[in-house]
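Chains as they are written, first to last, in full-length UniProt numbering: chain A, 1 to 470; chain B, 1 to 470.
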């Protein structure tokens with residue numbers, strides 16, 4: 001087997017034993033597996049050849065990128081790992097057409113940099129941007145902090161290239177904004193977590209780079225006062241808010257505990273800390289006036305000053321420069337790290353209607369003290385999307401207890417009309433939620449599609465779709 | 001059979017013979033069929049029961065809405081037509097969440113009106129808006145004039161409810177902006193033209209209603225000068241352009257020929273006529289100044305005045321009121337009607353990269369004089385999307401000649417990196433194009449999905465997927 005893989009990718013690009021072991025580790029530190037081998041292809045043709053070989057050998061295949069996923073989607077025992085670090089090229093940035101053509105192994109922050117060099121942005125962003133790769137964030141339809149304005153990953157993808165479970169290459173790398181020619185295989189593969197094929201390249205949408213950002217931290221007493229504030233700023237700016245992130249007081253405290261060199265956002269502590277960012281495009285908003293002030297920044301200062309005066313908020317700091325802006329973002333983006341302050345945890349990545357986030361939190365906190373008295377939580381939220389990361393630190397590391405915690409949170413989410421899986425994907429960690437909560441007819445249709453495209457069940461088997469009961 | 005259908009929908013809601021005949025007619029006037037019967041269900045449960053009955057009887061099913069499609073997607077011989085005129089409710093507009101919950105038979109312009117009443121818009125729009133229904137525009141992933149700013153239909157749909165080919169109802173009516181829980185069946189069904197199931201309801205995204213529109217007609221000599229103008233206005237306004245539509249001189253002449261009561265856009269004729277519309281959101285752009293002028297309108301007047309002075313454009317009229325704005329739009333939206341000036345035609349709905357529209361037109365015109373000397377054309381384009389409606393009026397009504405025309409246009413489109421099917425869908429009219437041009441591995445995957453979900457091939461059979469050759 002190893003020889004056959006080596007014949008495709010070259011001996012140096014097949015890893016086994018101790019060399020392959022890191023690919024069995026999970027970033028969460030909670031799970032482990034032992035892959036049969038790791039192959040590092042350099043081209044789509046090599047990926048195709050590897051998958052054809054996997055078919056011959058009946059060898060399960062898991063594609064991996066930056067391996068920063070949080071739902072146990074990228075590890076498995078006895079599998080062939082396809083690692084895309086050698087297919088990391090940004091093939092082309094076409095500024096006029098506003099598209100980037102990238103390989104599956106391209107790193108998100110490299111795409112950010114390449115776009116910015118052309119005065120454009122690829123707006124998808126989240127904490128793991130320095131390691132996450134195209135195949136991974138497309139495979140999981142990653143969300144992040146700018147979804148409010150720009151949508152999820154799938155909204156930013158014009159085309160893909162992929163290798164299907166039988167090894168055939170499909171070229172759907174359209175850079176067009178209108179293309180209705182049969183079923184949308186692009187959207188089917190995006191978010192399928194490697195279970196229907198392997199994405200090898202993508203054509204991404206780029207957006208004009210805002211000419212100026214206005215970024216601020218806001219301290220306030222009540223979460224219910226935050227949403228009206230978002231709505232007012234949206235109305236006043238014509239929808240320019242890029243991010244509206246919620247950090248409870250406990251989170252900012254935990255962050256400093258983790259990073260003692262860093263500071264709290266304010267001298268005083270506040271129950272509710274909001275990071276707001278506005279991205280302005282029109283020259284009228286971005287070009288400094290006679291006073292040297294950038295209009296959109298001055299505008300945000302004015303509005304927050306007014307809110308302070310009215311007593312609607314308790315504190316506010318507008319970033320005066322890029323360093324201050326980055327400091328605000330570093331705090332928010334440390335959420336995954338902060339969660340690791342405790343060695344075992346239950347990550348609930350849920351979405352509820354915007355106006356029900358406070359209700360969700362109150363009911364979940366109460367439920368936790370019932371299900372596991374003494375447990376603790378770490379919470380952050382993309383408040384503008386209703387997307388809450390509700391991480392529970394249970395009192396003991398017990399699988400049954402963890403599932404009970406997950407189920408209790410789901411009960412509340414479903415009751416509020418929400419989703420048990422917002423932006424991280426399903427992997428293996430949420431199979432029980434899928435079995436409990438997903439519309440049965442939808443699950444049956446997914447299983448039929450999986451069986452039709454991957455009859456040997458070789459593509460990331462055991463992920464996304466729960467086993468049929470009984 | 002009729003009795004069994006009547007038992008589900010009631011005798012008054014089954015049509016046969018002469019009553020069913022209109023459902024065999026096609027809006028293009030080019031095609032005809034004879035359905036076995038027409039059923040008009042009043043609920044999702046009735047749709048489910050009808051599809052279960054169709055399974056028992058092995059009866060093919062075609063769902064229809066406003067029947068304004070242009071690719072022969074909604075007619076068939078010996079089929080059961082499901083017509084959604086009795087499921088036309090706009091169930092709910094939730095202004096805070098910015099969503100509309102609608103049934104499959106709701107008419108697009110009714111949704112427009114219901115949204116506007118809440119100071120919101122559902123931005124999808126096209127000529128047939130007064131007849132097109134939800135199931136039809138989702139089924140075909142319709143495009144239209146505002147895609148430039150808001151995307152295609154699929155970008156405006158948060159959730160759907162559908163009946164699958166086995167009669168099961170899937171409820172995916174999420175109103176959430178983040179929801180990663182398995183394969184995206186929503187995007188699979190949108191654009192599948194009724195071949196994978198029947199959409200019965202949808203949760204649509206609404207957008208804030210622009211506080212002011214600035215709309216203008218621009219006359220100019222060369223199409224190649226239009227795109228830089230679009231880019232400049234986008235930059236200056238921060239991306240507020242909603243529509244950028246191209247009408248050649250011949251089109252505006254044909255429009256007046258069809259509607260003698262209507263006027264040409266300018267006193268003089270110009271080779272290139274552009275309809276541009278800007279939708280402004282922020283109060284700074286929308287609220288009348290001391291001079292009574294709306295800032296965004298004054299801004300467009302200024303910039304066009306400057307272009308006139310510089311000789312970059314030859315004529316411009318900014319709409320002074322809603323009546324003038326509507327007149328500009330009526331001309332553009334008459335395109336489908338204008339095409340019927342000739343009793344038979346080839347409708348090419350293609351997309352090319354934005355900067356290649358002029359090249360496409362020059363090469364296609366030359367090709368037509370080779371393939372069918374003496375043929376004529378009717379052209380309009382969503383220039384901001386690179387989407388051209390290139391209608392050919394051949395010299396004779398011959399199927400082989402028409403296919404040769406289609407193939408010649410495709411050759412040029414593919415050579416320019418474009419799509420042979422931009423926004424109208426495939427239906428039956430473009431099966432030959434699908435067979436010739438679609439990636440074979442993608443076609444094979446589509447066929448596998450179709451066979452898995454609809455093993456009896458009862459859902460709009462013969463549409464979208466070309467028959468396997470040989």
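Glycine included, each C-beta is placed from N, C-alpha and C at the ideal position. None of the values given here were measured: they were computed from a predicted structure.
Segment contact: the stretch 130-138 of chain A against the stretch 165-174 of chain A, fewer than three CB-CB distances shorter than 8 Å; contact not assigned.
Residues of the same chain with a CB within less than 8 Å of the CB of residue 230/B, apart from the 5 flanking positions on each side, are 241, 244, 276, 383 and 384 in chain order. In summary, residue 419/B is buried, with 16 or more beta-carbon neighbours lying within 10 Å of its beta-carbon over all protein chains present. For residue 50/A, the closest C-alpha among the options 274/A, 5/A and 38/A is that of 5/A.
Looking from the CA of residue 147/B, the closest CA among 139/B, 463/B and 156/B belongs to 156/B.
For residue 358/B, the enclosing alpha helix (DSSP H) covers residues 357-371. Bounds of the beta strand (DSSP E) holding residue 247/A are 241-248. Per DSSP, the unbroken beta strand (DSSP E) holding residue 213/A starts and ends at 212-220. For residue 120/A, same chain residues with a beta-carbon under 6 Å away, outside a window of 5 residues either side, are 206 and 209 in chain order. With a 10 Å radius around the Cβ and a threshold of 16 neighbouring Cβ atoms, residue 423/A comes out buried. In summary, residue 56/A is exposed, with fewer than 16 beta-carbon neighbours lying within 10 Å of its beta-carbon over all protein chains present.
Residue pairing by DSSP places residue 393/A opposite 376/A in a beta bridge. Rounded to whole angstroms, the gap between the alpha carbons of residue 278/B and residue 402/A is 52 Å.
When CB distances to chain B are screened at a threshold of 9 Å, the residues of the stretch 379-413 of chain A falling below it are 382, 384, 385, 386 and 387, in chain order.
Around residue 314/B, the same chain offers 219, 220, 221 and 270 as residues with beta carbons nearer than 7 Å, after the five sequence neighbours per side are excluded. For residue 91/A, the enclosing beta strand (DSSP E) covers residues 90-94. Contact between the stretch 62-82 of chain B and the stretch 363-382 of chain B is absent, with fewer than three C-beta pairs closer than 8 Å. For residue 134/A, the enclosing alpha helix (DSSP H) has its first and last residue at 134-139. The CB of residue 55/B never comes closer than 8 Å to any CB in chain A; the least such distance is about 15 Å. Annotation: the continuous beta strand (DSSP E) that includes residue 63/A extends over 61-64. In this structure the stretch 451-464 of chain A lies against the stretch 190-199 of chain A, because at least three pairs of beta carbons, one per stretch, are closer than 8 Å. In the DSSP assignment, residue 231/A falls within the unbroken alpha helix (DSSP H) covering 226-237.
Here the alpha carbons of residue 284/A and residue 105/A stand approximately 39 Å from one another. Contact annotation for residue 147/B against chain A: 177 and 178 [CB-CB distance below 8 Å, chain order]. Listed along the chain, the chain B residues whose CB falls inside 8 Å of the CB of residue 421/A are 179, 180 and 181. Taking C-alpha positions only, residue 20/B is separated from residue 46/B by approximately 19 Å.
Annotation: residue 349/B to residue 214/A spans about 42 Å, alpha carbon to alpha carbon.
For residue 123/A, the secondary structure class from DSSP, reduced to helix, strand or coil, is coil. The C-alpha of residue 71/B is placed about 32 Å away from the C-alpha of residue 201/A. The beta carbons of residue 79/A and residue 35/A sit about 5 Å from each other, so the pair counts as a contact at 8 Å. By DSSP's assignment, residue 52/B forms no beta bridge with any residue. Within the stretch 173-218 of chain B, the runs of beta strand (DSSP E) that reach at least 3 residues and sit entirely inside it are, in chain order, 198-205. In chain order, 255 place their CB closer than 6 Å to the CB of residue 334/B, counting only its own chain and leaving out the 5 sequence neighbours on each side. Contacts with chain A (Cβ-Cβ distance below 7 Å) from the stretch 159-173 of chain B involve 164, 168, 169, 170, 171 and 172, listed in chain order.
Considering only 368/A, 175/A and 151/A, the residue with the shortest C-alpha distance to residue 177/B is 151/A. Contacts with chain A at 7 Å (Cβ-Cβ) include residue 439/B.
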